Amino acid sequence: MSVLPLVFTSGWASGINAYAVVLLLGVFGATGLSDDVPESLQRPEILVTAGVLFLCEAVADKIPYVDSVWDSVHTVIRPVAGAWVGALLAGQSGSLSDLAAGAIGGSTALASHTVKAGTRMAINTSPEPFSNFVMSTAEDLGVAGILTFAMFHPEAAAVIAGVLLLAGLVVLFFLVSRIRRFLRRRAQRREEKRLAARTGAPSD
Numbered sequence: 007m008s009v010l011p012l013v014f015t016s017g018w019a020s021g022i023n024a025y026a027v028v029l030l031l032g033v034f035g036a037t038g039l040s041d042d043v044p045e046s047l048q049r050p051e052i053l054v055t056a057g058v059l060f061l062c063e064a065v066a067d068k069i070p071y072v073d074s075v076w077d078s079v080h081t082v083i084r085p086v087a088g089a090w091v092g093a094l095l096a097g098q099s100g101s102l103s104d105l106a107a108g109a110i111g112g113s114t115a116l117a118s119h120t121v122k123a124g125t126r127m128a129i130n131t132s133p134e135p136f137s138n139f140v141m142s143t144a145e146d147l148g149v150a151g152i153l154t155f156a157m158f159h160p161e162a163a164a165v166i167a168g169v170l171l172l173a174g175l176v177v178l179f180f181l182v183s184r185i186r187r188f189l190r191r192r193a194q195r196r197e198e199k200r201l202a203a204r205t206g207a208p209s210d
């Protein structure tokens, strides 16, 4: 059976929370729940590192504005992780070339990361902090649930991931105006801080 559906689903999930994907896949392989997980993802040091980084993301992802900074930092990390995981899964299966799997995993991760980062920018325009917590929790549960489902029903999970990705892109399209407003406000705050620092500096 082709590993393509699992590569696609793991790529989508990596764009949302790459550390959760590495941790979950490693646990699935280490516990014997799946034979499709390569041994490199099951190594103790990989699991520990992914677990620690997952906890860091779980905290940062629920704090307004901190989540957007975190997303900016992970603009490269998540697609690379998606490509890496995809290539490893393809190498383990042998039913898909590593290069093709890496391209699929990386591009899918980039697309879902774009949806996540853009949605968070829009959410941060809201004055209340609870939406960040709710959205982050829903993302974590969604990644865990769909990735677990993919272990047993990869094709169905890939369809769900594809629908969620498409829906997210559509929603993001309608949120562009709020995102632009968020970026303008952030640029304005930076300019105000710069002017305040210049005003407070001692004159020669």
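FYI, the numbering for the sequence shown is 7 to 210, going by the numbering used here. Glycine residues also receive a C-beta, built at the ideal position from the N, C-alpha and C atoms. The model shown is predicted, which means the values in this text are computed figures rather than measured ones.
Assumed close pair residue i, residue j - CB separation to whole angstroms, cut-off 8 Å
{"i": "R84", "j": "A24", "result": "5 Å"}
{"i": "Q48", "j": "A36", "result": "4 Å"}
{"i": "G21", "j": "H119", "result": "4 Å"}
{"i": "L171", "j": "A117", "result": "6 Å"}
{"i": "T125", "j": "L178", "result": "6 Å"}
{"i": "V121", "j": "L175", "result": "6 Å"}
{"i": "S99", "j": "V169", "result": "Actually they do not touch by this definition, with Cβ atoms about 24 Å apart."}
Rounded C-alpha distance that separates residue i from residue j
{"i": "E161", "j": "P11", "result": "5 Å"}
{"i": "F139", "j": "L59", "result": "18 Å"}
{"i": "R195", "j": "A115", "result": "31 Å"}
{"i": "A123", "j": "P50", "result": "30 Å"}
{"i": "D211", "j": "L53", "result": "No answer is possible for residue 211: it lies beyond the span of the chain, which begins at 7 and ends at 210."}
{"i": "H159", "j": "V43", "result": "15 Å"}
{"i": "L61", "j": "I166", "result": "26 Å"}
{"i": "I152", "j": "H80", "result": "21 Å"}
{"i": "E45", "j": "T154", "result": "18 Å"}
{"i": "Y71", "j": "V86", "result": "24 Å"}
{"i": "E198", "j": "A173", "result": "37 Å"}
{"i": "R191", "j": "A19", "result": "30 Å"}
{"i": "F34", "j": "F136", "result": "32 Å"}
{"i": "P132", "j": "V75", "result": "In the sequence as displayed, the identity of residue 132 is Ser instead of Pro. Cα to Cα, the separation comes out at about 17 Å."}
{"i": "A89", "j": "A163", "result": "18 Å"}
{"i": "S78", "j": "A193", "result": "15 Å"}
{"i": "V82", "j": "A93", "result": "17 Å"}
Residue closest to residue i, alpha-carbon to alpha-carbon, out of the options
{"i": "L95", "options": "A193, F179, F14", "result": "F14"}
{"i": "I69", "options": "D42, L153, N130", "result": "N130"}
{"i": "V91", "options": "S113, V79, Y71, V72", "result": "S113"}
{"i": "D73", "options": "M127, L61, A87", "result": "M127"}
{"i": "A26", "options": "R190, A56, S46", "result": "A56"}
{"i": "D41", "options": "V86, G97, D77, V75", "result": "G97"}
Residue i: CB within 7 Å of a non-hydrogen atom of the ligand COA
{"i": "G57", "result": "In the structure shown, the ligand COA is absent, as is every other ligand, since no ligand is present at all."}
Problem - Cβ pair count under 8 Å reaching 3, the segment 175-191 against the segment 93-111 - result: The segment 175-191, when compared against the segment 93-111, does not touch it at the 8 Å Cβ threshold.
Practice task
Report yes or no: do three or more beta-carbon pairs, one from the segment 30-39 and one from the segment 109-127, lie closer than 8 Å?
Solution key: Fewer than three beta-carbon pairs drawn from the segment 30-39 and the segment 109-127 are found closer than 8 Å, and the two stretches are therefore not classed as touching.
Handout entry: Segment contact flag, the segment 194-203 with the segment 136-155, C-beta cutoff 8 Å, min 3 pairs
Key = The segment 194-203 vs the segment 136-155: no contact.
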